[in-house]
Each structure stands twice: as structure tokens, then as C-alpha cells.
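Step one of this worksheet: look at the structure below.
Numbering (the UniProt record's numbering), first residue to last: 1 to 175.
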């Protein structure tokens, strides 16, 4: 299937919610869901690279915050991300070197954060971008109004001078 970046993020969010459910007991299903999220993250990364190539904004700079907002952990020196109850899988325990179950359980997010489709990831970007755009718009509007007033004065003065010159020429022709 062909997914847009937004659809991919929505799917990642839905799968991460499933993995945050601590009642999931089937290890194969947990592995499969975590694997699906990782493959979708790779697809999302490809979209973001293409967006930058086309001159769009760089969403990749906030990737770590995005993973954290989903309740995930980035593996050191790897592109692998672990979400929710997948942390308790034996292969990931070894990778993370967790011996303490209390430390492990504190990493598992049982209650999903109150975000929908990664709003937290974009909220800060949107507010800053919106403020920046409003400031630029105000500056441009003030600049435009100044130019408009100047041009109106300039045009009216030029127009009047031209009219005066034309009238002088007409009068001189009749004399």
C-alpha cells in the first residue's frame, strides 16, 4: 500500500497504543507489533527525507521527542525502537541490560499520554511557527501600508505635476 506521512504516523500511534496495554501476553504478537512500528518508522523517515529534498520543513530534527511521546525507547547504536510491553521481551531485556524489574516496570507506560496522533510532537513546532509567521505577516503588512501610502502620495503628486504640465502646454498652444 501507499501511505502518506500522516497516515503512517497515525498507524504508528495506534500500534504504540496497543503495545502500551500491559495485559498483552502473547510474545509473538508483541514482537510483531513492535516490528511493524519499526518498519513504519523507516517508511516515515523516507518520507521526511523526501520532504526535505523537495524544500519542505525538516521534521527529522524532532525524531527523539516523537519516539518519547509514543512511549518508546531508542536502542543505542541501532535504529531499533522498543515500545510498551515489548521491553519485557527477553531479547530486548538483554539488549537494555535490565536486571531490575522495578526499573523495567517504570519504563513501561501503562497509561497512554493524552495525545492524539502525535499532537505533542507538532504542538511546539506549530506554536513557534505560527508566532513566527504572525510576526512576519505583521511586519510585511506594516511595510506594505507604508509603501502604499508613499506610492499613493507619489502617484498623486506625479499625476498632478503631469496635469499641470499638460495644461501649461495646452495654454501655450492657444496663445
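Cβ atoms here follow ideal geometry from the backbone N, Cα and C, with glycine treated the same way.
Taking the alpha helix (DSSP H) that residue i belongs to, which residues open and close that run?
i	result
residue 176	In the structure displayed, the chain extends from 1 to 175; residue 176 sits before or after that span and is not available.
Classify residue i as helix, strand or coil using the three-state DSSP reduction.
i	result
residue 64	helix
residue 25	coil
residue 4	coil
residue 89	coil
residue 20	coil
residue 175	coil
Which residues does DSSP pair with residue i in a beta bridge?
i	result
residue 84	Partner(s): none; residue 84 has no beta bridge.
Can you tell me where the beta strand (DSSP E) with residue i in it begins and where it stops?
i	result
residue 78	Segment: none, residue 78 is in no beta strand (DSSP E) and carries neither H nor E.
residue 74	72-74
Can you have a look at residue i and say buried or exposed, based on whether 16 or more other CB atoms are within 10 angstroms of its CB?
i	result
residue 171	exposed
residue 67	buried
residue 13	buried
residue 39	exposed
residue 34	buried
residue 164	exposed
residue 85	buried
residue 15	buried
residue 59	buried
residue 37	buried
residue 159	exposed
residue 56	exposed
Tell me, to the nearest whole angstrom, how far the beta carbon of residue i is from that of residue j; I am working on the premise that it is less than 8 Å.
i	j	result
residue 30	residue 19	7 Å
residue 81	residue 74	6 Å
residue 181	residue 83	Residue numbering for the chain in the displayed model covers 1 to 175; residue 181 lies beyond these limits and cannot be assessed.
residue 5	residue 48	7 Å
residue 46	residue 9	Their Cβ separation, rounded to whole angstroms, is 13 Å, which puts residue 46 and residue 9 out of contact at 8 Å.
Taking 9 Å as the threshold (beta carbon to beta carbon), is residue i in contact with chain B?
i	result
residue 128	The structure shown contains no chain B; it is built from a single protein chain.
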